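The structure appears below as structure tokens.
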Ligand code: MLT
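Residue numbers (our numbering): 501 to 769.
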């Protein structure tokens, strides 16, 4: 699906029917809505809407537009535009890693639009100075060598040790998703991530039902970051997925979907 808003086209993939509600799932860096293939039709009674953030595209998607220089807030505004285009006033908003940063930005801007939150393999803190240095190295890498060098660099961090050992097809699939993206989209997202605000104070103001999911082999966002978020969010539940790394929804889709399904079931009682 796509809509033209102003001079830009926003794309998303979707599935399911909205008898119980709408679930938005926002992808990680440097992937696309393609990462939610196992989720898009998985929740009976829920319409699942997965936007492609500016400039990102799936391996089979149409050519993406130049992203410009978006901030995390501008990515969130795009998600709001998708909800407006679909005439959805309120939805469960979920994101994995960078998708979680966008979820925080959306909650900061429009808390009333959030019926619930799903925060997967993400963190509320901003980048540390060491983290920003890593981002600068990544900018250099993408400028010099393009998306496949980013795939080489990121894959060992994105996937858990068990997945890398036992699921070579998942690794190939994630590589294809990364390599489908333009250096411009990757550069823009790295810049948006390194300049994102800290959301630890915001976390304390979350009052809607919240599910936190973490792969127990996630080295990019260790489970301790999820525990910290859980302590800050009143009533939040935390599900740790065994044998999953950072891309827990892709590495352990059945277990991830079971956790999300239980959360959505409790919401729609
Ligand atoms: C992601 O998976 O979205 C990224 O690892 C997030 C980050 O680098 O902070």
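Ideal Cβ positions, reconstructed from N, Cα and C, are used throughout, including at glycine.
All of these numbers come straight from a predicted model, not from anything done at the bench.
Contacting residues, own chain, Cβ-Cβ under 7 Å from residue 517 (five flanking each side not counted): 545 and 547
Restricting to runs no shorter than 3 residues, where is the beta strand (DSSP E) found entirely within the stretch 518-576? You should have 521-526 and 546-551.
Whose C-beta lies closer than 7 Å to the C-beta of residue 626 among residues of the same chain, with five residues either side of it excluded? 696, 697 and 698
Buried or exposed for residue 619, please, with buried defined as at least 16 other CB atoms from any protein chain shown within 10 angstroms of its CB. Counting Cβ neighbours within 10 Å, residue 619 comes out buried, since at least 16 surround it.
Are residue 748 and residue 741 close, meaning C-beta to C-beta below 9 Å? yes
Cutting at 6 Å between CB atoms, please list the residues of its own chain near residue 511, excluding the five before and the five after it. 502 and 552
At least three beta-carbon pairs within less than 8 Å, the stretch 677-687 to the stretch 643-652: yes
In DSSP terms, what residue 502 is bridged to: Per DSSP, 511.
DSSP-derived helix/strand/coil call for residue 733: coil
State the CB to CB distance for the pair residue 745 and residue 658, rounded to an integer number of angstroms; the pair is presumed to be in contact (CB under 8 Å). 7 Å
Just checking, does the stretch 526-544 make contact with the stretch 749-761 on the three C-beta pairs under 8 Å criterion? yes
What's the call for residue 528, buried or exposed, on a 16-neighbour Cβ count within 10 Å? buried
Does residue 567 pass the burial test, meaning 16 or more other C-beta atoms within 10 Å, or should it be called exposed? Flag for residue 567 reads buried.
Following a CB-centred definition, is residue 765 positioned closer than 8 Å to any heavy atom of ligand 1? no
Name the DSSP beta bridge partners of residue 620, please? Its beta-bridge partners are 596 and 713.
Quick one, which of 769, 713 and 731 has its alpha-carbon nearest residue 753's? When only C-alpha atoms are compared, the closest one is 713.
Across which residues does DSSP place residue 614 in a beta bridge pair? 591
Determine, using beta carbons only, whether residue 687 and residue 642 come nearer to each other than 9 Å. yes
At the level of alpha carbons, what is the spacing between residue 581 and residue 671? 32 Å
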